[in-house]
Amino acid sequence: MGIMVRLVNYAALIVVASSLAWLLAAVTLDPRANYAGRTPAPPVAVVDAALSEVNLNDHDPLLDRYLTWVSGLARGDFGRTWDGLSVGADLADRAGVTLRLVTAGLVVGALLGLTVGTLAAVHHRRWFDRLSGGLVFMLLAVPTVVLANVLILGTVWFNDATGARFLMVSGETGAGGPFDRLRHLVLPALTLALPLAAVFSRYQRNAMLDVLNADYVRTARAKGLPRRTVIVRHALRTALIPTTTYLTFTFGALLVGSTVTETVFGWHGLGQRLITAIQTSDVNTVAGITAVAAVALLLSAVAADALQRVLNPGRAR
Amino acid sequence: MIDVTDLSVSFGTTPAVQGLSFSVARGEVLGLIGESGSGKSATALAVMGLLPPTASTTGSIRLDGEELTTAGEKRLTALRGRAMAIVFQDPLQAFTPVHRVGAQIAEAIRAHQRVPRKVAARRAVELLDLVGIRDPHQRARSYPHEFSGGMRQRALIAMAVANRPDLLIADEPTTALDVTVQAHILDVLKTAQRETGAALLLITHDLSVVARAADRVHVLRGGLTVETGTVEEVLRAPRETYTKTLIAAMEAGDRPAAARPVRTVLEVRDLVRHHPGVRAVDGVSFDLRSGETLGLVGESGSGKTTLLMEIMALARPQRGRITVLGRDTAQLSRRDRRRVRRDLQIVFQDPSASLDPRMTVGAIVAEPLLTHGRSPGRVPELLAQVGLPAAYAARHPVHLSGGQRQRVAIARAIALDPAVLVLDEPVSALDPTIRAEIVGLLENLRAERGLSYLFVAHDLPLIRRIADRVAVMYRGRIAEIGPAHQVFTAPGHPYTRALLRASALRDDDPPIATGCRFRPRCPLYAELPAAPRSRCVTEEPEISGDSGAACHHHPGEAP
Chain A
80 MGIMVRLVNY AALIVVASSL AWLLAAVTLD PRANYAGRTP APPVAVVDAA LSEVNLNDHD
140 PLLDRYLTWV SGLARGDFGR TWDGLSVGAD LADRAGVTLR LVTAGLVVGA LLGLTVGTLA
200 AVHHRRWFDR LSGGLVFMLL AVPTVVLANV LILGTVWFND ATGARFLMVS GETGAGGPFD
260 RLRHLVLPAL TLALPLAAVF SRYQRNAMLD VLNADYVRTA RAKGLPRRTV IVRHALRTAL
320 IPTTTYLTFT FGALLVGSTV TETVFGWHGL GQRLITAIQT SDVNTVAGIT AVAAVALLLS
380 AVAADALQRV LNPGRAR
Chain B
3 MIDVTDLSVS FGTTPAVQGL SFSVARGEVL GLIGESGSGK SATALAVMGL LPPTASTTGS
63 IRLDGEELTT AGEKRLTALR GRAMAIVFQD PLQAFTPVHR VGAQIAEAIR AHQRVPRKVA
123 ARRAVELLDL VGIRDPHQRA RSYPHEFSGG MRQRALIAMA VANRPDLLIA DEPTTALDVT
183 VQAHILDVLK TAQRETGAAL LLITHDLSVV ARAADRVHVL RGGLTVETGT VEEVLRAPRE
243 TYTKTLIAAM EAGDRPAAAR PVRTVLEVRD LVRHHPGVRA VDGVSFDLRS GETLGLVGES
303 GSGKTTLLME IMALARPQRG RITVLGRDTA QLSRRDRRRV RRDLQIVFQD PSASLDPRMT
363 VGAIVAEPLL THGRSPGRVP ELLAQVGLPA AYAARHPVHL SGGQRQRVAI ARAIALDPAV
423 LVLDEPVSAL DPTIRAEIVG LLENLRAERG LSYLFVAHDL PLIRRIADRV AVMYRGRIAE
483 IGPAHQVFTA PGHPYTRALL RASALRDDDP PIATGCRFRP RCPLYAELPA APRSRCVTEE
543 PEISGDSGAA CHHHPGEAP
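If you want it as structure tokens, here you go:
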């Protein structure tokens with residue numbers, strides 16, 4: 080299939096996914112509720128006008144509202160929140176924040192998971208395998224919010240004990256500058272990375288166990304290659320093929336799925352915004368975030384495909 | 003060169019090899035023969051020091067005087083690939099799939115010799131050339147899956163001899179290959195051995211391979227040595243009954259020729275099945291009569307399986323016609339198709355893959371009966387017919403041996419009293435002695451029930467023993483068809499002749515668009531003068547007259 084055909088398909092999928100999200104949100108959410116608790120209650124006409132202004136008035140026909148939204152989307156305009164702010168600008172900010180967090184978490188999680196998984200497979204049923212297996216199951220059993228708070232408590236204790244204040248436990252940036260950002264990034268990134276690493280390591284361990292028994296690994300040993308070369312160049316190299324696909328798709332899912340981490344560490348990211356948008360019935364924000372998630376997922380698909388081509392060359396697809 | 007004394011290998015408490023002693027001198031070929039589970043491969047791995055850590059070894063293995071059983075991993079790594087090398091059986095997986103073949107051979111060279119990358123790469127190309135791979139420059143840049151089975155096996159040999167080892171072990175080097183390619187590989191192996199002067203340990207379950215290539219032979223059974231001697235001694239005058247069974251399985255007697263029955267049960271006319279880019283079945287015609295066995299032979303990729311699947315589909319073929327018991331499959335309604343299916347059943351090659359591991363034997367055999375609304379009360383009777391105790395109905399396939407599983411598959415196939423049984427390599431996954439039992443069972447069933455068999459196999463002696471008629475397939479067409487004794491004693495097609503003699507034919511030729519598709523490999527074509535040759539280039543030969551061979555120049559045909 081040609082690249083162009085695939086891209087067109089992807090674009091169509093993004094439009095369909097965000098349209099469905101918009102429709103679902105438009106039917107179920109009630110932006111009018113934002114005015115309900117006010118004293119004195121604003122006149123209905125004023126509320127109607129305000130809602131119509133941002134295309135959120137449930138008294139306007141659904142189809143008209145949808146067409147307004149779609150035509151805006153076609154011009155790159157994601158619409159407005161109920162209080163009149165631009166959804167596009169808001170999401171752009173937040174996407175940047177989440178992207179930094181998720182990228183860091185994913186890279187650390189992947190490297191850690193692949194390393195632990197590979198070593199566990201190589202030392203199958205020996206102490207490292209058992210120990211890492213135990214830790215993995217413990218990490219998977221602990222909810223993110225608990226893990227995050229344990230990390231925070233540990234850091235606070237460490238800071239108090241040493242008097243140093245290297246790692247920051249809240250917020251995304253303080254004084255500014257790359258170093259400061261890094262100090263804020265470490266804990267939330269670890270909170271994301273550790274459970275990811277736990278899952279990846281199990282995948283990688285299984286993939287490695289499969290290939291370590293493969294005939295070609297035996298052939299490589301029979302050639303007289305040193306053990307390390309056999310493991311890295313023949314076994315690990317092949318075992319990466321299934322694992323990377325899983326890894327790439329995780330990226331797309333994480334983009335709106337790291338809500339808890341964002342909330343605990345006070346990062347104003349996409350996942351957190353999705354929750355508040357549902358609370359304030361911001362139909363356009365919900366649809367916008369869905370669109371971003373869809374784009375991220377499809378970019379992951381493209382990346383997975385590209386990685387497969389690199390890792391598994393010569394295969395007919 | 004290699005001296006093995008009193009070698010025993012066991013996995014946990016299960017012994018794999020017991021008290022094995024043999025030696026191979028420089029330039030000598032020792033054949034190590036036995037069925038699966040006889041300890042052949044464990045021996046090879048023990049010599050290479052590649053046994054899994056769960057195995058324990060006693061006894062002594064000396065390579066050039068150096069004791070290997072006590073050698074450290076570091077020393078073994080240095081010896082592997084340089085002093086001793088192994089050619090594994092290739093079920094597609096012996097090369098790492100993600101690296102180019104040339105690079106993998108060069109890697110073997112650089113593991114033991116301090117040479118620059120470029121020199122190693124050039125040497126890899128030379129080695130591919132040595133083992134007879136055409137266009138080695140191009141081929142060195144291919145990935146393993148782009149090679150045919152025969153080419154991969156040759157490339158493995160190239161890799162094994164890359165560092166001129168003193169000992170070369172070949173573990174079932176030809177098992178996965180077609181007869182004509184097998185012969186070629188054995189020639190290559192012997193050439194490589196001659197070039198390097200290595201001692202060759204040839205491990206196989208196939209007596210004909212030993213007969214063709216070995217000087218001495220060592221027969222193993224259940225981890226114990228049964229018999230040893232020179233190839234002539236053992237093959238001519240085997241002392242042990244086990245060796246005799248092996249030899250009997252290799253030799254074939256003809257079936258007595260009989261008049262063909264009248265009633266046609268299966269008729270295929272000009273059947274065509276093209277997949278994109280592959281003309282898998284390209285105009286095949288034959289008929290099968292009641293009570294007859296038609297043997298279908300041909301190398302892998304010749305279209306046998308596609309042909310069977312087209313018949314089993316009971317649907318309208320792409321082109322041509324299939325008639326089962328007088329009914330054209332293109333005209334069948336859903337109901338009729340169900341009814342016809344009862345009369346046409348199949349037994350597959352690998353019984354461990356074709357039986358649902360979660361079902362009991364009883365449930366497996368009862369399933370066709372229940373599907374067609376009959377009582378499952380016949381299950382014990384069916385099991386008895388295939389020689390299994392009724393108590394086996396409660397067991398699961400994993401608890402049966404390979405031969406017993408194939409008996410279950412046969413019981414399932416005959417449950418609905420079919421008229422035609424399609425047998426797709428039904429015994430090729432089994433050991434020779436078990437194979438003989440299953441073949442005997444099939445023969446009895448045919449006699450008792452008047453079944454007709456469409457029997458696919460690549461084992462020619464077997465086909466000769468059980469088939470009334472034989473069809474030889476080549477690249478989607480039938481090259482020759484006729485009564486078994488005629489095809490085997492007076493083959494008309496040069497391809498049949500090559501198959502029967504197990505002559506070496508190349509396996510890496512391009513497919514041919516027009517004219518005779520066997521042309522690039524045809525020994526007859528190679529010797530023809532220019533004038534008669536042109537007919538082979540322009541005109542696709544059809545099966546003609548009594549001879550039944552699709553060749554323009556076979557003996558029965560005017561030149």
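Chains A and B supply the protein sequences, listed in that same order. In the numbering used here, each residue's number is its place in the first sequence (first place is 1) plus 79. In the numbering used here, each residue's number is its place in the second sequence (first place is 1) plus 2. Ideal Cβ positions, reconstructed from N, Cα and C, are used throughout, including at glycine.
Chain B has a Cβ within less than 9 Å of the Cβ of His313/A. The three-state reading of DSSP puts Tyr145/B in coil, since its state is none of H, G, I, E or B. The stretch 34-45 of chain B makes contact with the stretch 216-230 of chain B, as at least three CB pairs between them are under 8 Å. Excluding the 5 residues flanking it on each side, Asp330/B has same chain C-beta neighbours closer than 7 Å at Arg323, in chain order. Proximity of Phe90/B to chain A, defined by a Cβ-Cβ separation below 9 Å, is satisfied.
In this chain, the alpha helix (DSSP H) harbouring Ala123/B covers 119-132. Taken through DSSP and simplified to helix, strand or coil, Gly212/A comes out as helix. Under the 10 Å beta carbon count, Pro119/A is surrounded by fewer than 16 other beta carbons and is classified as exposed. At a Cβ-Cβ threshold of 9 Å, Glu294/B and Arg451/B do not count as neighbours. Residue-level contact by beta carbon fails for Arg159/A and chain B, as no gap is shorter than 9 Å. For the 9 Å CB-CB criterion, Val400/B and Pro359/B form a contact.
Within a 10 Å sphere around the beta-carbon of Leu271/A sit 16 or more other beta-carbons, which makes this residue buried.
When the beta-carbon positions are compared, Leu384/B and Ala413/B come within less than 9 Å of each other.
Relative to Asn134/A, the option among Val362/A, Asp384/A, His203/A whose CA is nearest is Val362/A. Rounded to whole angstroms, the gap between the alpha carbons of Ala142/B and Ile88/B is 20 Å.
Taking a 10 Å sphere around the C-beta of Asp109/A, we find fewer than 16 other C-beta atoms and assign the residue as exposed.
With a cutoff of 9 Å on beta-carbon distance, Leu309/B and Leu268/B are scored as not near each other. With at least 16 other beta carbons inside 10 angstroms of its own, Asp426/B counts as buried. Annotation: Thr71/B is outside any beta strand (DSSP E) and is labelled neither H nor E by DSSP. Chain B places no beta carbon closer than 9 Å to that of Ile310/A, leaving this residue out of the contacts.
Within the stretch 269-341 of chain A, the runs of alpha helix (DSSP H) at least 4 residues long that lie entirely inside it are, in chain order, 294-301, 316-333. Residue contact with chain A for Asn165/B: present (Cβ-Cβ distance below 9 Å to some residue of chain A). Among the residues of chain A, those whose CB is under 8 Å from the CB of Phe97/B are Tyr295, Thr298, following chain order. Residues of the stretch 113-143 of chain B whose Cβ lies closer than 8 Å to any Cβ of chain A, in chain order: Ala113, His114. Counting C-beta pairs closer than 8 Å gives three or more between the stretch 166-176 of chain B and the stretch 190-204 of chain B, which meets the contact rule. The stretch 297-307 of chain B makes contact with the stretch 465-480 of chain B: 3 or more CB pairs, one atom from each, lie closer than 8 Å.
Residue contact with chain B for Asn136/A: absent (no Cβ-Cβ distance below 9 Å to any residue of chain B). Residue-level contact by beta carbon fails for His277/B and chain A, as no gap is shorter than 9 Å. Remark: C-beta atoms of Glu229/B and Arg238/B do not approach each other more closely than 9 Å.
Bridge partners of Ala551/B according to DSSP: Glu482/B.
For the stretch 47-76 of chain B, the set of residues with a beta-carbon nearer than 8 Å to any beta-carbon of chain A comprises Met50, Leu52, Glu75, in chain order. Within chain A, the residues placing a beta-carbon under 8 Å from that of Ala80/B are Gly303, ordered along the chain.
In the DSSP assignment, His203/A is bridged to no other residue. Here Gly213/A is exposed: its Cβ has fewer than 16 other Cβ atoms, across all protein chains shown, within 10 Å. Contact residues of the stretch 8-36 of chain B toward chain A are absent (C-beta to C-beta distance below 9 Å). Closest in alpha carbon position to Thr338/A, among Glu132/A, Leu190/A, Val224/A, Tyr89/A, is Val224/A.
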